[in-house]
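Student: My questions all concern the structure below.
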Ligand code: SF4
Ligand code: SF4
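Structural data, given as structure tokens:
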């Protein structure tokens with residue numbers, strides 16, 4: 053049976069960095085209509101609160117897939133520091 057992405061996400065481990073490696077330009081987020089980052093990310097890293105007009109970035113869940121980097125030019129995207137970030141299990 054084909055596994056759902058949620059099941060696969062449970063198999064990952066993370067070494068969380070103290071500082072975030074994904075830095076959106078929040079002034080651009082306020083004007084952004086599409087909020088593509090909240091749709092495209094397979095790990096639900098980005099969440100926009102309409103009431104507070106605030107984008108939160110749960111960078112510790114990032115899979116480093118690069119999709120948001122391609123989708124939005126207003127994200128300062130770096131890899132986590134060496135030894136930090138997601139750890140994929142070898143299959
Ligand atoms: S990070 Fe980019 S896509 Fe996401 S809300 Fe901000 S400007 Fe929009
Ligand atoms: S790199 Fe991939 S997993 Fe990480 S925040 Fe961007 S879209 Fe989400």
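Numbering (my numbering), first residue to last: 53 to 143. Quick reminder that beta carbons are idealized off the backbone N, C-alpha and C, glycines included.
Just confirm the distance between the C-beta atoms of residue 64 and residue 81, as a whole number of angstroms; I'd bet it's less than 8 Å.
Tutor: Not a contact, Cβ separation roughly 27 Å.
Student: Hey, would you say the C-beta of residue 107 is under 7 Å away from at least one heavy atom of ligand 1?
Tutor: yes
Student: Under the assumption that residue 66 contacts residue 137 (Cβ atoms under 8 Å), give the Cβ distance between them as a whole number of angstroms.
Tutor: 7 Å
Student: Does the Cβ of residue 127 have 16 or more other Cβ atoms within 10 Å, making it buried, or fewer, making it exposed?
Tutor: Counting the other CB atoms within 10 Å of its CB gives residue 127 a total of 16 or more, which places it among the buried residues.
Student: What residues match up with residue 139 in a beta bridge as DSSP calls it?
Tutor: Per DSSP, 65.
Student: What span of residues does the beta strand (DSSP E) with residue 74 cover, start to end?
Tutor: 74-76
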